[in-house]
Amino acid sequence: MRAMLLDKTAPIEDRPLRLASIENPTISNEEVLVRVRGCGVCRSNLHMIEGDWLKRGFPAKLPIIPGHEIVGIVESIGKDVKDVEVGDRIGIQPLYHSCGTCEYCITGRENICKRKVITGQSVDGGYAEYIKAPYQFVYKVPDGLNDAEATPLFCPGVTAYKAVKYSNPSPGKIVAIFGVGGVGQVAIQIAKLWGAKIIAVSRSKNHLRMASKLGAYSVISPEEEDVMRYFKNINYADSSIVFAPSDKAIDQAVKVVKPGGTIVLAVSGSIKEFFFHEEKIVRAIVIGTRQDMREVLKIAEDGGIHISVESHRLEDANEVLRKLKYSEIESRAVLQP
1214 MRAMLLDKTA PIEDRPLRLA SIENPTISNE EVLVRVRGCG VCRSNLHMIE GDWLKRGFPA
1274 KLPIIPGHEI VGIVESIGKD VKDVEVGDRI GIQPLYHSCG TCEYCITGRE NICKRKVITG
1334 QSVDGGYAEY IKAPYQFVYK VPDGLNDAEA TPLFCPGVTA YKAVKYSNPS PGKIVAIFGV
1394 GGVGQVAIQI AKLWGAKIIA VSRSKNHLRM ASKLGAYSVI SPEEEDVMRY FKNINYADSS
1454 IVFAPSDKAI DQAVKVVKPG GTIVLAVSGS IKEFFFHEEK IVRAIVIGTR QDMREVLKIA
1514 EDGGIHISVE SHRLEDANEV LRKLKYSEIE SRAVLQP
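Each step along the sequence shown adds one to the number in the working numbering, with nothing skipped, and position 336 is 1549.
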């Protein structure tokens, strides 16, 4: 099969991914072999490829095939596979596998299992023509979505969903979203389904325009308006979600929430000051559980999520990632072998 291999972490400008011809994966009794129809290009792929996550232990092996949001067709199954058939169209999310026996796994929180395996970071991912996966961690894709449209549901879709769910939205509640690029735009759509009023905060005018189209109650550019003054004038937000990788955004997200409110961090960063007497709640999210993923697919099947995508050839992965790095891509990029 053809695959884009990473042999050594390096700046994307050095084109560290190489197109290679390698053997198809060999499946075990509980695995399925999937012919990839689409694999999303995510900023976390870029961080791993450029070596930003070496201290976190990623990539866990080299060479490695990146890519963790995947849609494809099942071509073969192991003898112990259940509920998955050859010909099924399935998706694979970042959570590739977990131990199944720890306190987190047995309580439906397998996304924080200490022995979890991450697609495209711990094991080979979807920048290839084929991928294998444990049958317990694949998901059937609704018929109403084409391959490219369905692919982003398996990372930005589930990430946005979990962040919004943690923010406890309800009719009339004000949710401030800092960073309304790809993931933030999905979060706006999901929060609206709960009846929340969304205040979108972003430095990108293009992203703010899209946020308005998606139904944000109000949009704010920090370069043109005083963010703190705005939220003070509306008696602050009930909760906030941060998708912008910025300590300043995190600081503002903490401060604009009223006492007793919730701040959800979908990025890493630092909180400069935190007033404990206000009893605010800070939650972090990384990847979704299997149940989160099923719920996202149901919302998408019902027409509640629409993600703008653009398709690219597998062999163009280096250039697509370079464009992503410099914010030259507005839609969600999908590699299609």
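Just so you know, even glycine gets a beta-carbon here, dropped at the ideal spot from N, CA and C. Quick caveat: nothing in here was measured; it's all calculated off a predicted structure.
**Item:** Limits of the unbroken beta strand (DSSP E) element including M1214
**Value:** Where M1214 is concerned, there is no enclosing beta strand (DSSP E), given that its DSSP letter is neither H nor E.
**Asked** With a cut-off of 8 Å, do at least 3 Cβ pairs link the segment 1287-1300 to the segment 1458-1472?
**Response** Here the segment 1287-1300 does not lie against the segment 1458-1472, with fewer than 3 beta-carbon pairs under 8 Å apart.
**Item:** Whole-Å CB distance - E1342 paired with V1245, under 8 Å assumed
**Value:** Rounded to the nearest angstrom, the Cβ distance from E1342 to V1245 is 15 Å, too far for a contact under 8 Å.
**Asked** Assuming V1351 contacts I1305 under a Cβ cut-off of 8 Å, what Cβ separation, rounded to an integer in Å, is found between them?
**Response** Contact between V1351 and I1305 is confirmed by a C-beta separation of about 6 Å, below the 8 Å threshold.
**Prompt:** According to the neighbour-count rule (16 or more other Cβ atoms, all chains shown, within 10 Å of its Cβ), is M1441 buried or exposed?
**Reply:** It is exposed - the Cβ of M1441 has fewer than 16 other Cβ atoms within 10 Å.
**Item:** Three-way DSSP call (helix, strand, coil) for Y1343 in this model
**Value:** DSSP places Y1343 in strand when its eight states are reduced to three.
**Asked** Using the beta-carbon count (16 or more within 10 Å), is L1267 buried or exposed?
**Response** Counting the other CB atoms within 10 Å of its CB gives L1267 a total below 16, which places it among the exposed residues.
**Contacting residues, own chain, Cβ-Cβ under 8 Å from G1385 (five flanking each side not counted)** = So the list reads G1408, A1409 and K1410, once near-sequence residues are dropped.
**Prompt:** Taking the alpha carbon of Q1504 as the point to measure from, which residue in D1451, L1308, P1550 and H1420 has its own alpha carbon closest?
**Reply:** L1308 is the residue among D1451, L1308, P1550 and H1420 whose C-alpha sits nearest the C-alpha of Q1504.
**Request:** Return the first residue and the last residue of the beta strand (DSSP E) that V1254 is part of.
**Result:** For V1254, there is no enclosing beta strand (DSSP E), since its DSSP letter is neither H nor E.
**Asked** If you compare alpha carbons, which of N1242, G1392 and L1366 is closest to R1422?
**Response** Answer by Cα proximity: G1392.
**Message:** Given a cut-off of 8 Å on the beta-carbon distance, is the pair L1218 and L1534 in contact?
**Reply:** Taking the C-beta atoms as reference points, L1534 is found no nearer than 8 Å to L1218.
**Prompt:** How big is the Cα-Cα spacing for K1445 and C1312?
**Reply:** If you take the alpha carbons of K1445 and C1312, they lie about 46 Å apart.
**Proximity winner among G1264, Y1449, V1399 and E1438, relative to L1185 (alpha-carbon distances)** = Residue coverage of the chain in this structure runs from 1214 to 1550, which leaves residue 1185 outside it and unanswerable.
**Asked** Residues in its own chain within less than 8 Å of I1518 by CB, not counting five upstream and five downstream?
**Response** The beta carbon of I1518 sits closer than 8 Å to the beta carbons of L1366, G1370, V1399, Q1402, I1403, V1509 and I1512 from its chain, once the five residues preceding and following it are set aside; these are given in chain order.
**Request:** Could you round the C-beta distance between N1237 and T1502 to whole angstroms and report it? I think they count as a contact, below 8 Å.
**Result:** Between T1502 and N1237 the Cβ distance is about 30 Å, and since that is not below 8 Å, they are no contact.
**Asked** Per DSSP, H1310 is paired with what?
**Response** Secondary-structure assignment with DSSP links H1310 through a beta bridge to V1330.
**Proximity to A1530 [Cα-Cα], best of M1214, I1225, D1220 and A1497** = That would be I1225, whose Cα lies nearest to the Cα of A1530.
**Asked** What does a CB cutoff of less than 8 Å around R1328 pick up in its chain, not counting 5 residues either side in sequence?
**Response** If you ignore the 5 residues before and after R1328, its C-beta comes within less than 8 Å of the C-beta of S1311, C1312 and C1315, all in its own chain and listed in chain order.
**Message:** Excluding the 5 residues flanking Y1317 on each side, which residues of the same chain have their C-beta closer than 7 Å to its C-beta?
**Reply:** Result list for Y1317: E1323, I1325 and C1326, in chain order.
**Request:** Measure the C-alpha to C-alpha separation of I1235 and A1216 and round it to an integer number of angstroms.
**Result:** Taking the straight line from one Cα to the other gives about 7 Å.
**Prompt:** L1548 and V1254: beta carbons closer than 8 Å?
**Reply:** Their beta carbons are under 8 Å apart, which means L1548 touches V1254 by this criterion.
**Request:** Please state whether DSSP places F1488 in a helix, a strand or coil.
**Result:** Coil, per DSSP.
**Item:** Buried or exposed (CB count within 10 angstroms, at least 16 for buried), F1271
**Value:** With 16 or more other Cβ atoms within 10 Å, it is buried.
**Prompt:** Looking only at DSSP bridge pairs, what is V1470 linked to?
**Reply:** Partner(s): A1450.
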